[in-house]
Amino acid sequence: MLSLITYIGEKYFEGETEKLREYEIATEVFDRSKSTFNSGEDAIVRVEAHRLRKRLKKYYDTEGQDHAVQFTIPAGSYVPVFSHRVQPQEDSREDGIEQPEDAEKPVEELMEPTPRSQRVGVYAVAAALVVVLLVGAGALLIYRQHRRQLTAAAGTAQAVFPRVAAHSGAYAQMPLRILAGYKGKPQIDNAGAVWQPDEYYHGGGSWDRPESYGPVRRTSDPMLFQHWREGNFSYNIPLPQGVYDLHLFFVSAQPYANTPSTFNVLVNGKPLLPYFDVNMDAMGPDIADERVFRDVSPAADGMLHLSFTSYTVPASLNAIEIVPGEAHHELPIRIVAQSRAYTDHSGALWEPDDYYSGGYTSETNFAVTETADPELYAAERYGYFSYSIPVDARDEYTLILHFAELYFGPNRPGGGGAGSRVFRIDCNGQTLDKGLDIYKSAGSLHAPTVSFQHIVPTPQGKLNVTFDPIRNNATVSAIEVVDEGPQS
């Protein structure tokens, strides 16, 4: 177990978290063969990680219960999380987000430490993090007792933004999409959805993204991130009673990209994103970051109150999306590897390619057979690439991947057949398929799907899906994500 902790700590502090995957841990920590290791037959990594999680939980439930900083390895990932422990909030409909009865204590995620190469044990890792925070960041990031801070944040929000009278007028038109800080005409995104200029806000200032910042990555709709609202501000949005999916869009501003950059987001006066650092959440500057929350409801006055309060930097927001939701389940996510949206035979809308990094796209004039929706497979993303798909962090998900072999096989441009294209699929550090061969599964111009259940998102609410070529390029035509409900 010590060797596992040592490896995790080393890769974390070296900034090599992409190596915290089952295959790498099995071969580098437990001396499994790189050519023959099969995660489906050898569960050594999952077993040892489970033992480590139990030991950590036992420690923090007993002798370490008074520690302010907690070290955890979330289920479904091998990337460690350092958290500032928080007292649980009382459950209330006024919170705006409905919590499951067995929800764990909320935690405040801390900044990622400066990279270090020395090997350290789990408790030394936690101690080193505290030193980095208190010395390296100085007085800028001394975290006081969390309950007192959140109370102060809520009080600040109430002081800056006086209580709004109960709503008695028209409700916001659903779905509601707002470009924060934008004052022009409505904009239309790649899927055909209309985004309105900024409204329902109080306080803060509006800003435009300078051209010198360069493009925003991991988005097919950069216009969502060209403007923002900044400072201490709130949104009071009139909504009929019900449950909604709330999407908040951020991008890290370059002046704050290399410093601790935290602010607080509250919904109906309760913490939603405490000490939120966009740069840390997105894993870098100029990267689109979307946070998703299901079961969001207006307060008793008929308003959804969103408050943004500064901490070490001014609070900021690029866009808001609110859509009618389904209780206890986030709405399905459907992405097609094309530049335009697609509506399938059942009426479901597939959004244009989004959340990706790396790879290339290619279209085909050949019809894919044995599917009611051949146009869904008219293009592909191929190469070495990944998707970082935002979801509600509290749930488990089914990931459905849609493929078509467009290049290899008899009478195809690439020739060959079985074995011509083989690639690995990982999600949040775990290998889902160590060697997928589309042609071997279904031949050319057919439409096989592969499903993976019970996937747990990262603490940041992401499904980080990586397509890693083994022989020739990896490929995918479309992706579905279906909410299974709260984590058990």
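Going by the working numbering, the sequence shown opens with residue 953, and the numbers climb by one from there.
All C-beta atoms in this analysis are idealised placements derived from N, C-alpha and C, irrespective of residue type, glycine included.
(1) What's the gap between the Cα of His-1154 and the Cα of Ser-1249?
(2) Give the range of the alpha helix (DSSP H) segment to which Ile-1377 is assigned.
(3) Under three-state DSSP, which class holds Ser-1164?
(4) Between the C-alpha atoms of Phe-1337 and Ala-1122, what's the straight-line distance to the nearest angstrom?
(5) Can you list, in chain order, the residues of its chain whose CB lies under 6 Å from that of Ser-1268, leaving out five sequence neighbours each side?
(6) For the segment 1295-1311 against the segment 1269-1282, are there 3 or more C-beta pairs whose distance is under 8 Å?
(7) Please work out which residues of its chain come closer than 6 Å, Cβ to Cβ, to Asp-1378, disregarding the five sequence neighbours upstream and downstream, and give them in chain order.
(8) Would you kindly report the start and end of the unbroken alpha helix (DSSP H) that includes Glu-974?
(9) Less than 6 Å between C-beta atoms, sequence neighbours within five positions excluded: which residues of the same chain meet that for Phe-1201?
(10) Can you give me the start and stop residues for the alpha helix (DSSP H) that Ile-1130 sits inside?
(11) Could you check whether Ile-1407 and Arg-1376 sit closer than 8 Å to each other, using their CB atoms as the reference points?
(12) Just verifying my parser: in three-state terms, what is the DSSP assignment at His-1464?
(13) Taking 8 Å as the threshold, find out whether the segment 1124-1139 comes into contact with the segment 1289-1307 through three or more Cβ pairs.
(14) Which residues share a DSSP beta bridge with His-1354?
(15) Quick one: give me the first and last residue of the beta strand (DSSP E) that Ile-1422 is part of.
(16) State the DSSP-derived secondary structure class of Glu-1315, mapped to helix, strand or coil.
(17) Measure the alpha-carbon distance for Leu-1256 versus Ile-1274 and round it to whole angstroms.
(18) What whole-angstrom Cβ distance do Ser-1403 and Thr-1350 have, given they're in contact under 8 Å?
(19) Beta carbon of Ala-1330, beta carbon of Gly-1144: below 8 Å?
(20) Return yes when the Cβ of Thr-1427 is within less than 8 Å of the Cβ of Arg-1346, no when it is not.
(21) Where Asp-1018 and Ile-1130 are concerned, what is the direct C-alpha to C-alpha distance, given to the nearest angstrom?
(22) For Pro-1192, count neighbouring C-beta atoms within 10 Å of its own C-beta (all shown protein chains included) and say buried if the count is 16 or more, exposed if not.
(23) Going along the chain, which residues of its own chain have a beta-carbon closer than 6 Å to the beta-carbon of Arg-984, five neighbours each way excluded?
(24) Going by C-alpha to C-alpha distance, which of Val-981, Ser-1340, Gly-961 and Leu-1004 sits closest to Asp-1233?
(25) Between the C-alpha atoms of Asp-1306 and Arg-1170, what's the straight-line distance to the nearest angstrom?
(26) Per DSSP, Ser-1338 forms a beta bridge with which residues?
(27) With Pro-1411 and Pro-1026 assumed to form a contact (beta carbons below 8 Å), what rounded beta-carbon distance in angstroms separates them?
(28) For the alpha helix (DSSP H) containing Lys-1006, name the first residue and the last one.
(29) Apart from the five residues on each side of it in sequence, which residues of its chain come closer than 6 Å, Cβ to Cβ, to Pro-1409?
(30) Give me the Cα-Cα distance between Ala-1001 and Pro-1190, rounded to the nearest whole angstrom.
(31) Helix, strand or coil, according to DSSP, for Arg-1071 in the structure here?
(32) From Thr-1261 to Tyr-964, what distance separates their C-alpha atoms?
(33) Could you give the C-beta distance for Glu-1357 and Leu-1397, rounded to a whole number, given that I count them as a contact under 8 Å?
(34) For Thr-1295, which residues in the same chain have their Cβ closer than 7 Å to its Cβ, ignoring the five residues on either side in sequence?
(35) Does the beta-carbon of Leu-1258 have 16 or more other beta-carbons within 10 angstroms, so that it is buried, or is it exposed?
Short version:
(1) For the purposes of this step, residue 1154 is taken as the residue at position 202 of the sequence shown. For the purposes of this step, residue 1249 is taken as the residue at position 297 of the sequence shown. Answer to the nearest angstrom: the Cα atoms are 20 Å apart.
(2) Taking the first residue of the sequence shown as position 1, residue 1377 is located at position 425. No alpha helix (DSSP H) holds Ile-1377; the beta strand (DSSP E) holding it covers 1374-1379.
(3) Reading the sequence shown from its first residue, position 212 is the one you call residue 1164. Three-state DSSP puts Ser-1164 in a helix.
(4) The residue given as residue 1337 occupies position 385 in the sequence shown. The residue given as residue 1122 occupies position 170 in the sequence shown. Each residue's Cα considered, the two are about 45 Å apart.
(5) Taking the sequence shown and counting its residues from 1, one reaches residue 1268 at position 316. Excluding sequence neighbours, Ser-1268 sits near Trp-1180 and Glu-1182.
(6) no
(7) Taking the first residue of the sequence shown as position 1, residue 1378 is located at position 426. These residues qualify, in order along the chain: Arg-973 and Thr-1418.
(8) For the purposes of this step, residue 974 is identified with residue 22 of the sequence shown, where counting begins at 1. 974-980 is the span of the alpha helix (DSSP H), which, as asked, contains Glu-974.
(9) Here residue 1201 refers to the residue found at position 249 when the sequence shown is read from its first residue. Leu-1176, Glu-1242, Asn-1270 and Ala-1271.
(10) By 1-based counting over the sequence shown, the position of residue 1130 is 178. Not the alpha helix (DSSP H): Ile-1130 falls in the beta strand (DSSP E), residues 1128-1131.
(11) Walking along the sequence shown from the start, residue 1376 turns up at place 424. Walking along the sequence shown from the start, residue 1407 turns up at place 455. Taking 8 Å as the Cβ cut-off, Arg-1376 and Ile-1407 do not qualify as a contacting pair.
(12) This structure leaves residue 1464 out entirely; the chain is present only between 953 and 1440.
(13) no
(14) As a first step, residue 1354 is located in the sequence shown; it is residue number 402 there, counting from the start. His-1354 is bridged to Thr-1401 and Ala-1430.
(15) As a position in the sequence shown, residue 1422 is number 470, starting the count at 1. First-last of the beta strand (DSSP E) with Ile-1422: 1414-1423.
(16) Taking the sequence shown and counting its residues from 1, one reaches residue 1315 at position 363. Strand, per DSSP.
(17) Walking along the sequence shown from the start, residue 1256 turns up at place 304. Walking along the sequence shown from the start, residue 1274 turns up at place 322. Their Cα atoms are separated by approximately 10 Å.
(18) Locating residue 1403 in the sequence shown gives position 451, counting from the first residue. Locating residue 1350 in the sequence shown gives position 398, counting from the first residue. The Cβ separation is near 6 Å, so the contact holds.
(19) On the sequence shown, residue 1330 is found 378 positions in, with the first residue counted as 1. On the sequence shown, residue 1144 is found 192 positions in, with the first residue counted as 1. No, the Cβ-Cβ distance between Ala-1330 and Gly-1144 is not below 8 Å.
(20) Reading the sequence shown from its first residue, position 394 is the one you call residue 1346. Reading the sequence shown from its first residue, position 475 is the one you call residue 1427. No.
(21) Translated into positions along the sequence shown, residue 1018 becomes position 66. Translated into positions along the sequence shown, residue 1130 becomes position 178. Approximately 43 Å between the Cα atoms of the pair.
(22) In the sequence shown, residue 1192 corresponds to position 240, counting from 1. So Pro-1192 ends up on the exposed side.
(23) Here residue 984 refers to the residue found at position 32 of the sequence shown. If we look at Arg-984 and ignore the five residues flanking it on each side, its Cβ neighbours are Ala-978.
(24) As a first step, residue 1233 must be located in the sequence shown, where it is residue number 281. Comparing Cα positions, the closest option is Ser-1340.
(25) For the purposes of this step, residue 1306 is taken as the residue at position 354 of the sequence shown. For the purposes of this step, residue 1170 is taken as the residue at position 218 of the sequence shown. Rounded to whole angstroms, Asp-1306 to Arg-1170 spans 7 Å at the Cα level.
(26) Counted from its first residue, the sequence shown places residue 1338 at position 386. Bridge partners of Ser-1338: Ser-1309 and Thr-1418.
(27) Numbered from its first residue, the sequence shown carries residue 1411 at position 459. Numbered from its first residue, the sequence shown carries residue 1026 at position 74. Correct: roughly 6 Å between the Cβ atoms.
(28) Walking along the sequence shown from the start, residue 1006 turns up at place 54. Its alpha helix (DSSP H) spans residues 996-1013.
(29) As a first step, residue 1409 is located in the sequence shown; it is residue number 457 there, counting from the start. Cβ neighbours of Pro-1409 beyond the five flanking positions: Val-1343, Ala-1345 and Leu-1415.
(30) Along the sequence shown, one-based indexing puts residue 1001 at 49. Along the sequence shown, one-based indexing puts residue 1190 at 238. Whole-angstrom Cα-Cα distance: 46 Å.
(31) The residue given as residue 1071 occupies position 119 in the sequence shown. Only weak support exists for where Arg-1071 lies, its pLDDT of 39 falling under 50; the value from the coordinates is given anyway. Coil, per DSSP.
(32) In the sequence shown, the residue the question calls residue 1261 occupies position 309. In the sequence shown, the residue the question calls residue 964 occupies position 12. Rounded to whole angstroms, Thr-1261 to Tyr-964 spans 30 Å at the Cα level.
(33) Numbered from its first residue, the sequence shown carries residue 1357 at position 405. Numbered from its first residue, the sequence shown carries residue 1397 at position 445. Right, the Cβ-Cβ distance comes to about 7 Å (below 8 Å), so this counts as a contact.
(34) Position 343 of the sequence shown holds residue 1295. Counting only Cβ-Cβ distances below 7 Å, and skipping sequence neighbours, we find Leu-1301.
(35) Here residue 1258 is taken as the residue at index 306 of the sequence shown, counted from 1. Counting Cβ neighbours within 10 Å, Leu-1258 comes out buried, since at least 16 surround it.
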